[in-house]
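K.L.:
For the sequence shown, UniProt numbering assigns the number 1 to the initial residue and increments by one for each residue that follows.
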Amino acid sequence: LRRACRAWAATRVTLQRTAEKNRRLADRHRRPAPVYTLGQLVWLSSKDVPLKVTSRKFAPRFLGPLRFGAVPSPVTVRLDLPRSLRIHPTFHVSLVKPVVTSSLCPTTAPPLPARLYKGGLVYKVRRNLDSRPQGCGVQYLVDWEGYGP
């Protein structure tokens, strides 16, 4: 019986030592989570967010900037999401990155909203850049007001 108890104790010590070694090896590849402040702007990875796009290839890689809400645990963050997303607002810190601003790359103003005209959305045209015949009609390359350079 004593020999069995000693074997169990030795096995327990060996398992603890192995678990500690595995934890150290795994932690070498991890970096600590950044410290977020309440109200800070962050980007959310769109990797697991269900977006209504025809192709994931053309979907944005990050959503936002979104306002940081709270820290429920050391590895999760809660964001203030728009109601249109309709997803749970808590995410792992690996899916969130802080917004970095620079004077070399200033943030652009959001595009102007569309106006309703006869039941449809209408956008303001700055100028027509080009046109080409396509089938029975004509295609136009348009420079929209508030969109792009």
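Beta carbons are placed, not taken as given, at the ideal position from N, Cα and C, and that holds for glycine.
1. For Phe58, count neighbouring C-beta atoms within 10 Å of its own C-beta (all shown protein chains included) and say buried if the count is 16 or more, exposed if not.
2. Please report how far the alpha carbon of Val35 lies from the alpha carbon of Gln139, in whole angstroms.
3. For Leu81, is the classification buried or exposed, using 16 other Cβ atoms within 10 angstroms of its Cβ as the cut-off for buried?
4. Within 10 angstroms of its Cβ, does Val75 collect 16 or more other Cβ (buried), or is it exposed?
5. Does Arg67 come out as helix, strand or coil in the three-state DSSP assignment?
6. How far does the beta strand (DSSP E) with Leu129 in it reach, from first residue to last?
7. According to DSSP, what are the bridge partners of Phe62?
8. Are the CB atoms of Leu63 and Leu44 nearer to each other than 8 angstroms?
9. Are the beta-carbon atoms belonging to Pro65 and Leu41 less than 8 angstroms from one another?
10. Keeping to the same chain, check which residues put their C-beta closer than 7 angstroms to that of Phe91; ignore five residues upstream and five downstream.
11. Among the residues of its own chain, which have a CB less than 6 angstroms from the CB of Arg28, if the five just before and after it don't count?
P.N.:
The answer reads as follows:
1. exposed
2. 50 angstroms
3. Leu81 is buried by the Cβ-count criterion.
4. Around the beta carbon of Val75, fewer than 16 other beta carbons sit within 10 angstroms, so the residue counts as exposed.
5. strand
6. Val125 to Gln134
7. Partner(s): Ser45.
8. yes
9. Taking 8 angstroms as the cut-off, the Cβ atoms of Pro65 and Leu41 count as close.
10. Shown here for Phe91: same chain residues with a beta carbon closer than 7 angstroms to its own, the five before and five after excluded, namely Leu44, Thr76, Val77 and Leu79 in chain order.
11. none
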